[in-house]
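>
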Amino acid sequence: MNATRHAITVHVNGAARTTDVEARTSLADLLRHELRLTGTHVACEQGVCGSCTVLLDGVPVRSCLMFAVQSDGRTVETVESLSGGESTADALDRFQRAMSDCHGLQCGFCTPGILMSVTAARREGLGVDETTHDVLGGHVCRCTGYQGIRDAIRTTWDADARDADGPAAGPAADTAARDGGRA
Ligand code: FES
Ligand code: FES
Numbered sequence: 186m187n188a189t190r191h192a193i194t195v196h197v198n199g200a201a202r203t204t205d206v207e208a209r210t211s212l213a214d215l216l217r218h219e220l221r222l223t224g225t226h227v228a229c230e231q232g233v234c235g236s237c238t239v240l241l242d243g244v245p246v247r248s249c250l251m252f253a254v255q256s257d258g259r260t261v262e263t264v265e266s267l268s269g270g271e272s273t274a275d276a277l278d279r280f281q282r283a284m285s286d287c288h289g290l291q292c293g294f295c296t297p298g299i300l301m302s303v304t305a306a307r308r309e310g311l312g313v314d315e316t317t318h319d320v321l322g323g324h325v326c327r328c329t330g331y332q333g334i335r336d337a338i339r340t341t342w343d344a345d346a347r348d349a350d351g352p353a354a355g356p357a358a359d360t361a362a363r364d365g366g367r368a
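Residues 186 to 368 (the numbering used here) make up the sequence shown, in order.
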């Protein structure tokens, strides 16, 4: 039996993407299989591990729990957006660099989801304690013991506090830093 397909347009990482999907297709599967944005990882598929986290209209969501049709007309940001689609070290934003410098990842499977949740926290201006406890508490990492990730969050928040533009500038400040030298 042929499943009914639904036409949707999703604004993904700054570009409008129009496609048609089955009603049962998850947002994670749309991103990974249809749009080839494989930086979004899928593990538990029940909303627990956080590895599939993306930003929907700026808000972190578990993309394994959302249907792709629910993203119609909305904005999705994936981990690929943080470095502008580039894969060089120079393209990394401040928190990505801090994760590397502080050894906040080992296998890296959990990392994209953490990057997206922390990016949202940084934009919202959440405090370092709220981010290291509450935000990071929504992500399962089987490798690091979390200390390196906490260190990366503190390092980033400290750097934002020193930055004349402050944490609200977030990725915009990172872009400026990439273009004009490290902040
Ligand atoms: S794969 Fe979505 S929360 Fe684990
Ligand atoms: S770095 Fe391996 S699961 Fe977190």
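By construction, the Cβ of each residue, glycine as well, lies at the ideal position given by its N, Cα and C atoms.
1) Using only Cβ atoms and a threshold of 5 Å, which residues come within that distance of a heavy atom of ligand 2? Order them by chain position.
2) Can you tell me whether valine 133 is buried or exposed, with buried defined as 16 or more other CB within 10 angstroms of its CB?
3) Check each candidate in Ala253, Gln231 and Cys234 and name the one with the smallest Cα separation from leucine 241.
4) Starting from threonine 204, follow the alpha helix (DSSP H) in both directions and report where the run begins and ends.
5) Within the region 221 to 297, note down every full beta strand (DSSP E) run reaching 3 residues or more, in order along the chain.
6) Is DSSP giving alanine 362 helix, strand or coil here?
7) Considering just the uninterrupted stretch of the alpha helix (DSSP H) at threonine 194, what are its terminal residues?
8) Compare the C-alpha of leucine 215 against each of Gly322, Met251 and Met301 and name the closest.
9) Using a Cβ-Cβ cutoff of less than 8 Å, which residues in the same chain neighbour aspartate 314 once the five nearest sequence positions on both sides are dropped?
10) Exposed or buried, what is aspartate 345 when buried is set at 16 or more other beta-carbons lying within 10 Å of its beta-carbon?
11) Starting from aspartate 129, follow the alpha helix (DSSP H) in both directions and report where the run begins and ends.
12) Is it buried or exposed, threonine 189, if we count other Cβ atoms within 10 angstroms and call 16 or more buried?
13) Any chance you could list the residues with Cβ under 6 Å from a heavy atom of ligand 1, keeping chain order?
14) Using C-beta distances below 7 Å, list every residue in its chain close to glycine 269, excluding the 5 sequence neighbours before and after it, in chain order.
15) Give the single residue among Asp286, Gly298, Thr204 and Thr273 whose Cα lies nearest to the Cα of cysteine 237.
16) If glycine 330 and glycine 235 are in contact, beta carbons under 8 Å, what's the gap, nearest whole angstrom?
17) Compute the beta-carbon to beta-carbon distance between threonine 341 and alanine 283, rounded to the nearest angstrom, for a pair I have assumed lies under 8 Å.
18) Do the CB positions of valine 264 and leucine 321 come within less than 8 Å of each other?
Working from what's here:
1) Leu290, Gln291, Cys292, Phe294, Cys295, Cys326, Arg327 and Cys328
2) Only positions 186 to 368 of the chain appear in this structure, which leaves residue 133 out of reach.
3) Within the sequence shown, residue 241 is the residue found at index 56, counting from 1. The shortest Cα separation from leucine 241 among Ala253, Gln231 and Cys234 belongs to Ala253.
4) Against the sequence shown, residue 204 aligns to sequence position 19. Element bounds for threonine 204: not the alpha helix (DSSP H) but the beta strand (DSSP E), 200 to 207.
5) 238 to 241, 244 to 247 and 260 to 262
6) Position 177 of the sequence shown, counted from the start, is the residue given in the question as residue 362. Residue placement at alanine 362 is flagged as unreliable, the pLDDT there being 49, under the threshold of 50; the coordinate-derived value follows with that caveat. Helix.
7) In the sequence shown, residue 194 corresponds to position 9, counting from 1. The continuous stretches of alpha helix (DSSP H) do not include threonine 194, which lies in the beta strand (DSSP E) extending over residues 190 to 197.
8) Translated into positions along the sequence shown, residue 215 becomes position 30. Comparing Cα-Cα distances from leucine 215 to each of Gly322, Met251 and Met301, the minimum goes to Met251.
9) Position 129 of the sequence shown, counted from the start, is the residue given in the question as residue 314. None.
10) Along the sequence shown, read from residue 1 onward, the residue named residue 345 stands at position 160. Classification for aspartate 345: buried.
11) Limits of the chain in this structure are 186 at one end and 368 at the other, which puts residue 129 out of reach.
12) Position 4 of the sequence shown, counted from the start, is the residue given in the question as residue 189. Classification of threonine 189: exposed, given that the 10 Å Cβ count is below 16.
13) My final list is Val227, Ala228, Cys229, Glu230, Gly232, Val233, Cys234, Gly235, Ser236, Cys237, Arg247 and Cys249.
14) In the sequence shown, the residue the question calls residue 269 occupies position 84. If we look at glycine 269 and ignore the five residues flanking it on each side, its Cβ neighbours are Ala276.
15) Looking up residue 237 in the sequence shown gives position 52. The shortest C-alpha separation from cysteine 237 is found at Gly298.
16) Reading the sequence shown from its first residue, position 145 is the one you call residue 330. Reading the sequence shown from its first residue, position 50 is the one you call residue 235. Between glycine 235 and glycine 330 the Cβ distance is about 16 Å, and since that is not below 8 Å, they are no contact.
17) As a working note, residue 341 is residue 156 in the sequence shown. As a working note, residue 283 is residue 98 in the sequence shown. Sure, about 5 Å apart at Cβ, within 8 Å.
18) Here residue 264 corresponds to residue number 79 of the sequence shown, with the count starting at 1. Here residue 321 corresponds to residue number 136 of the sequence shown, with the count starting at 1. Contact flag unset, no.
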